[in-house]
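Per UniProt numbering, the very first residue in the sequence shown carries number 565; after that it's consecutive. We put the beta carbon where it would ideally sit given N, CA and C, even for glycine. Owing to the predicted nature of the structure, the values given are computational and were not obtained by experimental measurement. Structure record follows, encoded as structure tokens.
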Amino acid sequence: SVPLSFFSGIGAGSRKGILFKGGIALEALKNVKVVVMDKTGTITKGNFVVQTVSPSGSMKKEELLALAAACETASTHPIGISILAAARDQSLSEETPRDLAEIPGKGIRAVTSAGVLLCGNRKLLEENQVDLAGFKEDSGSTMVLLAKDGVYAGSISISDTIKPEASAAIASLKKMGIQTAMLTGDSEAAANAVASSTGIDRVYAKLLPGDKLDLLQNLRKEAGNAMFVGDGINDAPVLAGADVGAAMGSGADAAIEAADVVYMTSSMEAIPESIRIAKKTGAIAT
Ligand code: ADP
Ligand code: MG
565 SVPLSFFSGI
575 GAGSRKGILF
585 KGGIALEALK
595 NVKVVVMDKT
605 GTITKGNFVV
615 QTVSPSGSMK
625 KEELLALAAA
635 CETASTHPIG
645 ISILAAARDQ
655 SLSEETPRDL
665 AEIPGKGIRA
675 VTSAGVLLCG
685 NRKLLEENQV
695 DLAGFKEDSG
705 STMVLLAKDG
715 VYAGSISISD
725 TIKPEASAAI
735 ASLKKMGIQT
745 AMLTGDSEAA
755 ANAVASSTGI
765 DRVYAKLLPG
775 DKLDLLQNLR
785 KEAGNAMFVG
795 DGINDAPVLA
805 GADVGAAMGS
815 GADAAIEAAD
825 VVYMTSSMEA
835 IPESIRIAKK
845 TGAIAT
């Protein structure tokens, strides 16, 4: 077929809700060999909903949820927002912690009248020497664990929804001969559940924000030009480090700013579509 001019490439993109921030993005997209995606908000909707509250020992469900909500009072993370919503649904009283610290990729540490609280993933509690003998993983869900004064207090399982077009988009990429990979800070169980139902080739779980960039560089060495698709605040360094960085339009401002391509509709179909448009676009006239 007749190649599109550079400007028609930009135009074809905009009609599909794809914003190319210049010709470099289109050029780099043509030769993408591996598409590396963040899980939350990219492959899943990022609409977390609390499913089960499982306190340990004699603690009541309401008490555990209230402790978690106190930790998340200032949270902008989708996990934190879902915990706050569940606590409000049950009209639980909210305490504002005396001291609050976010530990990126792990969770929150808060000092409240109830004690020193830890609210986050397994890694956070383990590195604070909390005994997790009483913890049971709920396969496929994102698990938030709580500890009070160094003692395990229970867990909350939270579910997210895979975007309905995810499998078809992954299949399109594979048909184009492009490898697919998913990176996440979430647990292996939650990551594998998403990968197996969408057909993604490779999965890397339990990553810290800094690990994501290292992994991307390794995949790049092995497979060739790498594209990263993400939406989070923590994703900006990876977006900037990829040959092509793409952000979901629903994502954080920092991610949208750092990206070369923005998918305004947040649909995963836009990923193969943007590569198709780039391949049809002729060389930039200079
Ligand atoms: P991703 O977007 O890949 O899930 P994040 O870096 O945002 O990665 O988070 C990684 C993990 O850290 C989450 O899956 C969760 O276990 C934990 N976490 C991060 N922020 C919070 C929070 N506010 N409350 C509880 N857990 C959190
Ligand atoms: Mg994220």
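Note: residue 667 is bridge-paired with 671 in the DSSP secondary-structure output. Excluding residues up to 5 positions away in sequence, 610, 612 lie with their Cβ nearer than 6 Å to the Cβ of residue 642 in the same chain.
Proximity to residue 762 across 782, 746, 752 peaks at 746, based on C-alpha coordinates. Shortest Cα-Cα distance from residue 664 to any of 844, 583, 635 involves 635. Per DSSP, the beta bridge partners of residue 706 are 722. The set of residues whose C-beta lies within less than 6 Å of a heavy atom of the ligand ADP reads, in chain order, 602, 603, 604, 636, 639, 641, 643, 644, 669, 670, 671, 672, 683, 684, 685, 706, 708, 748, 749, 750, 773, 796, 798.
Taking C-beta atoms under 8 Å as the contact rule, residue 684 and residue 671 qualify, at a distance of about 2 Å.
Proximity to residue 653 across 614, 676, 682 peaks at 614, based on C-alpha coordinates.
It is roughly 31 Å from the alpha-carbon of residue 719 to the alpha-carbon of residue 832. Using a 10 angstroms sphere on the CB of residue 712, the tally of other CB atoms reaches 16 or more, which defines it as buried. Within a 10 Å sphere around the beta-carbon of residue 693 sit fewer than 16 other beta-carbons, which makes this residue exposed. Between residue 797 and residue 822 the beta-carbon gap is near 10 Å, outside 8 Å, which marks them as no contact. Membership of residue 817 in the alpha helix (DSSP H) is indicated by the continuous run 817 to 822.
With respect to the 7 Å criterion, residue 622 and residue 716 are not classified as neighbours on the basis of their beta carbons.
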